[in-house]
Amino acid sequence: MDYQILKDSPLNNDYTSVYFANDHRDLFDRLDAAFAAEEELVCGEDERVPFAVWAQMRLSLGWDGGHEHDERRLAVIRDVIDRMPDLPMETVKQLWGVADRLMTWAHTNFHELYRLPLDATARLPYHERRDVLNHRPRWLAQYWKPAWEVLREPIGTLLTEPETDDPAATVRNIMWEDDAFARRMIEAHAARLAAPEVLPLLRHWNTATASKPSARWLKRAAALLTPEADEVIRDVLRMLVAHREVTHRHQYRGGGEWTETVFLRERTAVPLRGMVWTCELVDQPWVTSLLGDVAVTTGTGIGGTGANARSEKLANAAVGVLGRRGDLEVVAQLARVQAKVRKKTILAGVARTIGAVAAQAGLSPEQLLERTVPGFGLGPDGVRTEQGLRLAADGTVTFTDPSGKIRKTIPRSVDRELLAEFRAAAKELRKTLPAERFRIERALATERVWRWRDVCAFYLDHPVTGTLARTLIWEILQGPAGIPVRREDGWELTGPDGRRVQPGPDTPVHLWHPITHGVEEVRAWRDHLMDAGLRQPFKQAFREVYLLTPAEEASHDHSRRFAGHLLRYGTAKALLTERGWTGMSLGHWGWEYGSDQAEATRELPGGLAAHWDFHLDEHSFDRDGVGTVSICVSGNLRFTGADGRTIPLERVPPLVLSETLRDADLAVGVTSTGLDLQGDGDYWQSYSFGALSETARIRRDALTRLLPRLSIASRCELTERFLRVRGDLRTYKIHLGSGNILMEPDDAYLCIVPGGVGDQVFLPFEEDGGMLSVVLSKAFLLAADTAIADPSITRQLTNRRPS
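If you read the sequence shown in our numbering, its first letter stands for residue 50, the second for the next number, and so on.
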């Protein structure tokens, strides 16, 4: 056989077969020569698999096809069938590929053309037969009806599910064992899935191919539903929530390898979607929470972050069932999805669902969310106690002994069912708190206005939300602001100067933002938080404010304030996605098509949108090869209006501009390569020790208030860019932006891996990125430099100690 002709023949698109032929070229040449000389065709035991592929290729009648095959060729096929061992599934697929290719090129003797592929398929286990045939029946029926008329019956026989007493085989015969999750599920639950009480429903779940269940589908599911099926659904979906993606490495035939990361294959997702749909019919206490877990797990991207979804199919199914259940209990789960998921289509479904439930209740979506936060049985003080068990609003479970001392160890005498209930509530609490933090901070950034009675009822008096809201500054519109303080006759607002005001029930209030207040008032609030020891759930009093700079006024329609930074791409993408940015996708797959450039976009209030440019730096390809992108470069940031046109920066509302630039500053401050412990180049030097960003300046402001309270205060001094720490061996300068360290007097660089904060230092806000903690931990370490035992540090101190 001429292999150049083979490549130009009707088989030219069947690359697998061509590669297979080239891999066995010597054997194929020998068989061709023997066939042409009418000699006996001889092959060894280890050559029978390629011999079968050669025989199938020998049925080629050339470009013009035809119906009549040489009897010798047909005899070879029959001889192969008689003596052929069971072939691997991939080889059987090759046989079908050759036959299909010849069929499409007018080879019309379908009985002979498909004799060998049909026989080889019949020897496979049923689930492999189904994999080989795959979409072939639909393809043949739609496009190649003459061949389908001949093949319909034998293919139908091959696809008829065989009877078996093996539960695992029974489940495999229904489901595709396509991925790691399917294999784990079959291994763990085959006996239960194949049980008579569940098996009919499993078959029904495997028909969940539509985007949502029809009334007929649900009616059939209801007729098949059993208590045993309820338990299987619960256990399989819990396994799904705990499942994570698996990365597979594959070898190219021509050399090299490629990787594939798989969460679920499409065919595994179908029966799982059927299970999710069936939850609509299950009246059990675990359903709503578990559906929320499924939506969050499958709705987030690989690694739990990103603007893509692990399985949009399952996330949408879970959101849909939550919506159709329709009770107010589902809203807390939908709020969790809003806080975690960034896939636009899923979020749109969540918004529609919340809107529909809110409309039924006569509320706005925001009002619905705040009215449906679960209380978890906590009292007004944010604690639930029973039989000595103590559940706190932070999601911890402890035990109070008879002396009143709180202990983490739970005695065996405590009722196990009650303990399980407390621990389940604690788990849900730990999921609810981040969603509430996200919701309240979003209200701050969008200037939401409430009536005071609603703030009291759904924020300050709520045992969960109240733990966040009671430490925030609330402001009467065009009036005073204060921290909420409970009095006998209700809640009052107390200002930093001690003045108190009690708003009327209908008084409009909003969350205080420093952008609308003067420097003295902001300074007073920051001092007050420190003096009162109040830790806010996010930066409010210490929130960064970004006003237009002269450079931005000059550039008119774009900002370069955060341009030119080298960022760790994966971390930057994850952080921005978490904050609502989409579209940041860079790669090496096609620079000529623009894969080296991306634009991250965030939708903003008032129909505005922010756009931030990124690109791969010129050395990126040399550094990354063809693998995952490691470094990206930030570019210009601009805004567009509802019509999509770029608008001047001065037309962007100040709060919208400030909050958007805050996102950019946070991304740079957390992911810049200037933070690397060991770096080089002008950028690393500039970022590591250069001028402070707004975030770093806020860090400096916090330190001016923190330092006097520290045990090392006498050894510390704040300069413009550094925290200067005097040890016994050296004096050190910790940069307030990067946390990197220089040693006086020669500014030698000192590399230290960050550790925990020393003195359990009070911080006035929960941090984004944790750099304030890093700076403080290094300060405590270096203030006692003679006590450092780590040789990687002492070696640097010894080698660089001045004479």
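Even for Gly, the Cβ is constructed at its ideal location relative to N, Cα and C. Quick caveat, the model's predicted, so the values are computed rather than measured.
Outcome for residue i when other beta-carbon atoms lying within 10 angstroms are tallied against a minimum of 16
{"i": "T206", "result": "exposed"}
{"i": "Y508", "result": "buried"}
{"i": "H299", "result": "exposed"}
{"i": "W307", "result": "exposed"}
{"i": "C800", "result": "exposed"}
{"i": "H160", "result": "exposed"}
{"i": "V774", "result": "buried"}
{"i": "H559", "result": "buried"}
{"i": "T310", "result": "exposed"}
{"i": "S787", "result": "buried"}
{"i": "R359", "result": "buried"}
{"i": "G684", "result": "buried"}
Three-way DSSP call (helix, strand, coil) for residue i in this model
{"i": "V319", "result": "helix"}
{"i": "I525", "result": "strand"}
{"i": "C681", "result": "strand"}
{"i": "L165", "result": "helix"}
{"i": "I204", "result": "helix"}
{"i": "P276", "result": "helix"}
{"i": "D662", "result": "strand"}
{"i": "G115", "result": "strand"}
{"i": "E294", "result": "coil"}
{"i": "W499", "result": "strand"}
{"i": "R150", "result": "helix"}
{"i": "M50", "result": "Per-residue confidence for M50 stands at a pLDDT of 36, beneath the threshold of 50, marking its modelled position as unreliable; the derived number appears in the next sentence. M50: coil per DSSP, three-state reduction."}
{"i": "G807", "result": "Confidence is the limiting factor: at G807 the pLDDT is only 46, short of 50, which leaves the residue's position unreliable, though a coordinate-based value still follows. Coil."}
{"i": "R439", "result": "strand"}
{"i": "L929", "result": "Residue 929 lies beyond the residue range present for the chain, which begins at 50 and ends at 852; the question has no answer from this structure."}
{"i": "L560", "result": "strand"}
{"i": "T565", "result": "helix"}
{"i": "T847", "result": "helix"}
{"i": "T695", "result": "strand"}
{"i": "S604", "result": "helix"}
{"i": "W193", "result": "coil"}
{"i": "S263", "result": "coil"}
{"i": "P137", "result": "coil"}
{"i": "C328", "result": "helix"}
Those residues which DSSP pairs with residue i across a bridge
{"i": "P757", "result": "Its beta-bridge partners do not exist; DSSP assigns none."}
{"i": "T449", "result": "I455"}
{"i": "R549", "result": "T543"}
{"i": "Y781", "result": "V774, M792"}
{"i": "Y798", "result": "L791"}
{"i": "P533", "result": "L542"}
{"i": "Q300", "result": "E306"}
{"i": "Q585", "result": "F814"}
{"i": "E766", "result": "R773"}
{"i": "V311", "result": "V295"}
{"i": "R687", "result": "H660"}
{"i": "T157", "result": "Per DSSP, none; premise fails for T157."}
Close-in-space but distant-in-sequence residues of the same chain around residue i (CB under 8 Å, 5 per side omitted)
{"i": "L144", "result": "A101, V102, Q105, L136, L165, P166, A169"}
{"i": "L778", "result": "D834, T835, L846, R850"}
{"i": "T631", "result": "A356, R391, K393, A649, T650, R651"}
{"i": "T843", "result": "I837"}
{"i": "S735", "result": "G723"}
{"i": "I282", "result": "M324, T327, C328, V331"}
Own chain partners of residue i with C-beta closer than 6 Å, once the 5 adjacent residues on each side are dropped
{"i": "G629", "result": "R651"}
{"i": "G323", "result": "W254, A257"}
{"i": "V220", "result": "I235, A239, L242, A243"}
{"i": "R500", "result": "D555"}
{"i": "L710", "result": "Y595"}
{"i": "A237", "result": "none"}
{"i": "D839", "result": "none"}
{"i": "L704", "result": "I564"}
Close beta carbons around residue i, own chain, < 7 Å, minus the five adjacent residues each side
{"i": "D808", "result": "Low local confidence applies: a pLDDT of 49 at D808 is under 50, so the model's placement there is unreliable, with the coordinate-based value given in what follows. L759, S760, F829, listed in sequence order."}
{"i": "P460", "result": "F448"}
Which runs of the alpha helix (DSSP H), 4 residues or longer, sit entirely within the stretch 361-434? Listed in chain order, the complete alpha helix (DSSP H) runs (minimum 4 residues) inside the stretch 361-434 are 361-374, 379-389, 393-410, 414-420.
Inside the stretch 608-661 only - beta strand (DSSP E) runs reaching at least 3 residues: Runs of the beta strand (DSSP E) spanning 3 or more residues and lying entirely within the stretch 608-661 occur at 615-617, 646-652, in chain order.
Along the chain, which unbroken stretches of the alpha helix (DSSP H) at least 4 residues long are found entirely within the stretch 706-764? For the stretch 706-764, the continuous alpha helix (DSSP H) assignments of 4+ residues that do not extend past its boundaries occur at 730-738, 743-755, in sequence order.
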